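What follows is a short report on a single structure.
Number of protein chains: 2
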Amino acid sequence: MTWTLSQRAQKLTSSAIREILKVTERPEVISFAGGLPSPATFPVERIQEACNRILTSAPAPALQYGPTEGYLPLREWIANRHSAMGDRVSAAEVLVTTGSQQALDLLGKTLIDVGTRVLVETPTYLGALQAFSLSEPEFVSVPSDEAGPIPAELSAANPGNARLLYCLPNFQNPTGRRIPLDRRRELTRITSESNLLLVEDDPYGALSYGGDPLPTLHSMQPDTVVYLGSFSKILAPGLRVGYVIAPQTLHRKLVQAKQAADLHTPSFTQRIVHEVVKDDFLDAHIPQIRALYASQCDAMVAALSRHFPASVRWNRPAGGMFIWASLPAGMDSATLLQKAIECNIAFVPGAPFFANEPLHNTMRLSFVTVPPAKIEEGIARLGALIAAECST
Amino acid sequence: MTWTLSQRAQKLTSSAIREILKVTERPEVISFAGGLPSPATFPVERIQEACNRILTSAPAPALQYGPTEGYLPLREWIANRHSAMGDRVSAAEVLVTTGSQQALDLLGKTLIDVGTRVLVETPTYLGALQAFSLSEPEFVSVPSDEAGPIPAELSAANPGNARLLYCLPNFQNPTGRRIPLDRRRELTRITSESNLLLVEDDPYGALSYGGDPLPTLHSMQPDTVVYLGSFSKILAPGLRVGYVIAPQTLHRKLVQAKQAADLHTPSFTQRIVHEVVKDDFLDAHIPQIRALYASQCDAMVAALSRHFPASVRWNRPAGGMFIWASLPAGMDSATLLQKAIECNIAFVPGAPFFANEPLHNTMRLSFVTVPPAKIEEGIARLGALIAAECST
Numbered sequence: 001m002t003w004t005l006s007q008r009a010q011k012l013t014s015s016a017i018r019e020i021l022k023v024t025e026r027p028e029v030i031s032f033a034g035g036l037p038s039p040a041t042f043p044v045e046r047i048q049e050a051c052n053r054i055l056t057s058a059p060a061p062a063l064q065y066g067p068t069e070g071y072l073p074l075r076e077w078i079a080n081r082h083s084a085m086g087d088r089v090s091a092a093e094v095l096v097t098t099g100s101q102q103a104l105d106l107l108g109k110t111l112i113d114v115g116t117r118v119l120v121e122t123p124t125y126l127g128a129l130q131a132f133s134l135s136e137p138e139f140v141s142v143p144s145d146e147a148g149p150i151p152a153e154l155s156a157a158n159p160g161n162a163r164l165l166y167c168l169p170n171f172q173n174p175t176g177r178r179i180p181l182d183r184r185r186e187l188t189r190i191t192s193e194s195n196l197l198l199v200e201d202d203p204y205g206a207l208s209y210g211g212d213p214l215p216t217l218h219s220m221q222p223d224t225v226v227y228l229g230s231f232s233k234i235l236a237p238g239l240r241v242g243y244v245i246a247p248q249t250l251h252r253k254l255v256q257a258k259q260a261a262d263l264h265t266p267s268f269t270q271r272i273v274h275e276v277v278k279d280d281f282l283d284a285h286i287p288q289i290r291a292l293y294a295s296q297c298d299a300m301v302a303a304l305s306r307h308f309p310a311s312v313r314w315n316r317p318a319g320g321m322f323i324w325a326s327l328p329a330g331m332d333s334a335t336l337l338q339k340a341i342e343c344n345i346a347f348v349p350g351a352p353f354f355a356n357e358p359l360h361n362t363m364r365l366s367f368v369t370v371p372p373a374k375i376e377e378g379i380a381r382l383g384a385l386i387a388a389e390c391s392t
Numbered sequence: 001m002t003w004t005l006s007q008r009a010q011k012l013t014s015s016a017i018r019e020i021l022k023v024t025e026r027p028e029v030i031s032f033a034g035g036l037p038s039p040a041t042f043p044v045e046r047i048q049e050a051c052n053r054i055l056t057s058a059p060a061p062a063l064q065y066g067p068t069e070g071y072l073p074l075r076e077w078i079a080n081r082h083s084a085m086g087d088r089v090s091a092a093e094v095l096v097t098t099g100s101q102q103a104l105d106l107l108g109k110t111l112i113d114v115g116t117r118v119l120v121e122t123p124t125y126l127g128a129l130q131a132f133s134l135s136e137p138e139f140v141s142v143p144s145d146e147a148g149p150i151p152a153e154l155s156a157a158n159p160g161n162a163r164l165l166y167c168l169p170n171f172q173n174p175t176g177r178r179i180p181l182d183r184r185r186e187l188t189r190i191t192s193e194s195n196l197l198l199v200e201d202d203p204y205g206a207l208s209y210g211g212d213p214l215p216t217l218h219s220m221q222p223d224t225v226v227y228l229g230s231f232s233k234i235l236a237p238g239l240r241v242g243y244v245i246a247p248q249t250l251h252r253k254l255v256q257a258k259q260a261a262d263l264h265t266p267s268f269t270q271r272i273v274h275e276v277v278k279d280d281f282l283d284a285h286i287p288q289i290r291a292l293y294a295s296q297c298d299a300m301v302a303a304l305s306r307h308f309p310a311s312v313r314w315n316r317p318a319g320g321m322f323i324w325a326s327l328p329a330g331m332d333s334a335t336l337l338q339k340a341i342e343c344n345i346a347f348v349p350g351a352p353f354f355a356n357e358p359l360h361n362t363m364r365l366s367f368v369t370v371p372p373a374k375i376e377e378g379i380a381r382l383g384a385l386i387a388a389e390c391s392t
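See the structure below:
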């Protein structure tokens, strides 16, 4: 039988990252490709205790269908946590999602028509491009620098004629960059004046290596910002629990779209997350993740300084999981990847993260899952490959 | 701020059923409205043992990101289980979904364009109408009788010009009807000859009260049938684990759509399901569910015979969770529901289950969660209300 696929399905392609990840599952590969948190940070015992408490004290509601909006005590905890950090949120605005990836899918469904203009950073998170693509928008890459989208460029992009601006303000995937405070103020001012919805995707916000976290965009303009949060990077991604905070009118539509998408996020995993986090556990846990990732980041930065040719540029992130490197102009990181995989090294080429004109000389390096000695060895081999390319 | 919603979001409405369920959460209400399985059937101890084994023996992969296709041992178990029942399936065809509701969402995304003709039973599962609606198809209700879609009517509905036929062959939600063997053969022959994809949604197939299960439509025409399965009715819906079996070309597109939708179904809940079912547990567990539901069904049928006016018609299902009743022509079950709720009785009006012209005199009665004495009491009160309506 020949299938007639929908037009959007005919355009679907698999994530380049996930295809690469399959290759890099071989144990001999030193992989800087994954976006996976370190399993050393998973609070296994605490999760096990939570499972046992839930299944002993109140198993039926944890195993039964539940409300589409999510488990109310978890929604209340999320609202309180935001409010305690100066971002006033009510539980009625919180929708629990099956990972924050699902929030991107629901936003695409509820906000994007074919040809709708959607503004994104340059580059931006590949998974958002995939989720939004199903609604066939016109992506507009707002020129960006090391501090995020450039305000004058945003103003020039006719924001009043777009449906949303999608932003990762903290330790962005893929670049690791953080939008500084003054830039946050400028961006929210422009989007608010343009009546443009700002989607703030913040899976890495808690992973700042030092200093206080910056105020969320949502706290600056709660009426025009939709906030996406996740427990994937601070507890465990395999639970697939995220959330979206949206004003009531949009919240209602997101709930309806979620009802059609999967009825609700698993009752059991929502209760596990709530049981684990409810007693200030994260206040002790998150600093441990930060310390681990900061030392891993230091190891990679040191290795890059030692082994990468001077013609390669990279950033030193202040948090998160990623470093973004730019090879000399004209060099293609996808070609480099082929050679790197032959040497049992993997990374993610940067091109798929660009909505419009890709920079083929860019690459994303994850530093959180590889032990420091292996980081040193992998970056040394990769540096030698790049140096060899430079000299040809 | 005024939101500009997508055109499809502007048409979205909340499920009538879920809105009613909110009203019926009051403990004094005898509710025949829910589609919830009985919590008495949840294998709590076994699930708790599974959690402890997983988190003791191999916690990291259970809490880490995983492949979009699903946990391979679970996919293999599903393929083997189907194959053992005469429905040859390979693990490569299986995609694990976040409940089978998600499979409906993914099928809508990959197969339906605006205006695509989608054939459905009369009536059909409301959640499928909701999921498909986001892709804005033209629904065509195939006239159906107590044995499902009528073959001559299917042939007359220009099936070659439609994208899919959506069917629940076993103990359909909402009617409880089962498609008999000869009708299954006719339907698969017609869809195959018309090059029409048949979507077989089968959450209740295991819940046959007696006799062998009938062969799946997928076993009859594996090349033109997509099969949707679920663990919600045989283990626990709060885990949200379902699956879709599709030929390779379509499977690949479903995987890509799922990647954008939620990356993957929770690694942990997939492993819980596998750990619980892997040792033939279901062979002892499912007969217990069947026996419970059969006795509940008997209680409701007996109560209906005693208390409903002779002018009301209903079926005696051979499995599943639902009875479908038709009030005298001209009576509106939505109006009856208002009065019933005043008497602390709830059910689901039938109209939302019709894709095109609703029969307003129909209603769905769930018999699995209310104890027999309460079934007797609730049906008696409802019967009296109907009798009073008949006499006005």
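Chains as they are written, first to last, in our numbering: chain D, 1 to 392; chain S, 1 to 392. We put the beta carbon where it would ideally sit given N, CA and C, even for glycine. Just so you know, these numbers come straight off a predicted model, no measurement behind them.
What residues are listed by DSSP as bridge partners for residue i?
i, result
"C167/S", "E200/S"
"P349/D", "M363/D"
"W314/S", "A325/S"
"E138/D", "R117/D"
"T24/S", "Note: T24/S sits in no beta bridge, so no partner."
"I112/S", "BP columns for I112/S are empty, so no partner."
"S144/S", "P149/S"
"G319/D", "S208/D"
"S31/S", "A346/S"
Excluding the five sequence neighbours on either side, which residues of its own chain have a C-beta within less than 6 Å of the C-beta of residue i, listed in chain order?
i, result
"A91/D", "R75, E76 and A79"
"E186/S", "P151"
"T175/D", "W324"
"T116/D", "P137 and R163"
"A380/D", "H307"
"E146/D", "R177"
"D87/D", "T216, H218 and S219"
"A50/D", "I272, E275 and V276"
Under 8 Å between beta-carbons, which chain D residues line up against residue i? List them in chain order, please.
i, result
"N52/S", "Q48, C51 and N52"
Name the chain D residues whose beta carbon is nearer than 7 Å to that of residue i?
i, result
"F407/S", "Residue 407/S cannot be examined here, being either before or after the span of chain S that is shown, 1 to 392."
"T269/S", "P266, F268 and T269"
Is residue i a contact residue of the ligand NAP, with contact defined as CB to any heavy atom under 6 Å?
i, result
"E93/S", "This structure does not include the ligand NAP; it has no bound ligands of any sort."
If the cut is a Cβ gap below 9 Å, which residues of chain S does residue i touch?
i, result
"L134/D", "K109, A257, A260 and A261"
"P39/D", "P59, A60, P61, L63 and Q64"
Apart from the five residues on each side of it in sequence, which residues of its chain come closer than 8 Å, Cβ to Cβ, to residue i?
i, result
"Q288/S", "T41"
"I341/S", "V23, T24 and V29"
"R316/S", "C297, V301 and I323"
"T224/D", "T188, T191, S192, N195, L196, L197 and L198"
"P67/S", "H264"
Residue i versus chain S: which residues are under 8 Å apart at the beta carbon?
i, result
"F367/D", "Within 8 Å Cβ-Cβ: nothing; F367/D doesn't reach chain S, min ~17 Å."
"L72/D", "Ordered by position in chain S, no residue passes the 8 Å Cβ test against L72/D, which lies about 12 Å from the chain."
"A131/D", "A260 and A261"
"D13/D", "Sequence check: residue 13/D is Thr here, not Asp. Those are Q256, listed as they occur along chain S."
Taking Cβ-Cβ distances shorter than 7 Å, what residues in chain S pair up with residue i?
i, result
"F42/D", "P59, A60 and L63"
"G99/D", "D262 and L263"
Return the chain-ordered list of same chain residues with a C-beta closer than 7 Å to the C-beta of residue i, the five sequence neighbours on each side being excluded.
i, result
"S194/D", "P159 and G160"
"V368/D", "P37, S38, Y293, Q296 and M321"
"S230/S", "G99, S100, P203 and G242"
"E153/D", "V142 and P143"
"R8/S", "L134 and E136"
"M331/D", "N361 and E389"
"K109/S", "S135 and A257"
Checklist entry - Touch check for the stretch 194-212 of chain S and the stretch 354-366 of chain S: three-plus C-beta pairs under 8 Å? => result By the Cβ criterion, the stretch 194-212 of chain S is not in contact with the stretch 354-366 of chain S, since fewer than three pairs of Cβ atoms, one from each stretch, lie closer than 8 Å.
Checklist entry - Can you find at least 3 beta carbon pairs, one from the stretch 335-354 of chain D and one from the stretch 216-224 of chain D, that sit closer than 8 Å? => result As far as the Cβ criterion goes, the stretch 335-354 of chain D does not touch the stretch 216-224 of chain D, which means the pair count is below three.
Item to check | Any alpha helix (DSSP H) of 4 or more consecutive residues that is wholly inside the stretch 216-275 of chain D | outcome: Within the stretch 216-275 of chain D, the complete alpha helix (DSSP H) segments at least 4 residues long are 217-220 and 248-262, listed from N- to C-terminus.
Item to check | Every unbroken beta strand (DSSP E) inside the stretch 41-112 of chain D [3 residues or more] | outcome: The stretch 41-112 of chain D contains these whole beta strand (DSSP E) runs: 94-97.
Checklist entry - Counting pairs of beta carbons, one from the stretch 237-257 of chain S and one from the stretch 96-116 of chain S, are three or more of them closer than 8 Å? => result Yes, since at least three Cβ pairs between the stretch 237-257 of chain S and the stretch 96-116 of chain S fall closer than 8 Å, the two stretches touch.
Next on the checklist: Quick check: the stretch 262-274 of chain D against the stretch 262-270 of chain S, are at least 3 beta-carbon pairs closer than 8 Å?
Outcome noted: Counting C-beta pairs closer than 8 Å gives three or more between the stretch 262-270 of chain S and the stretch 262-274 of chain D, which meets the contact rule.
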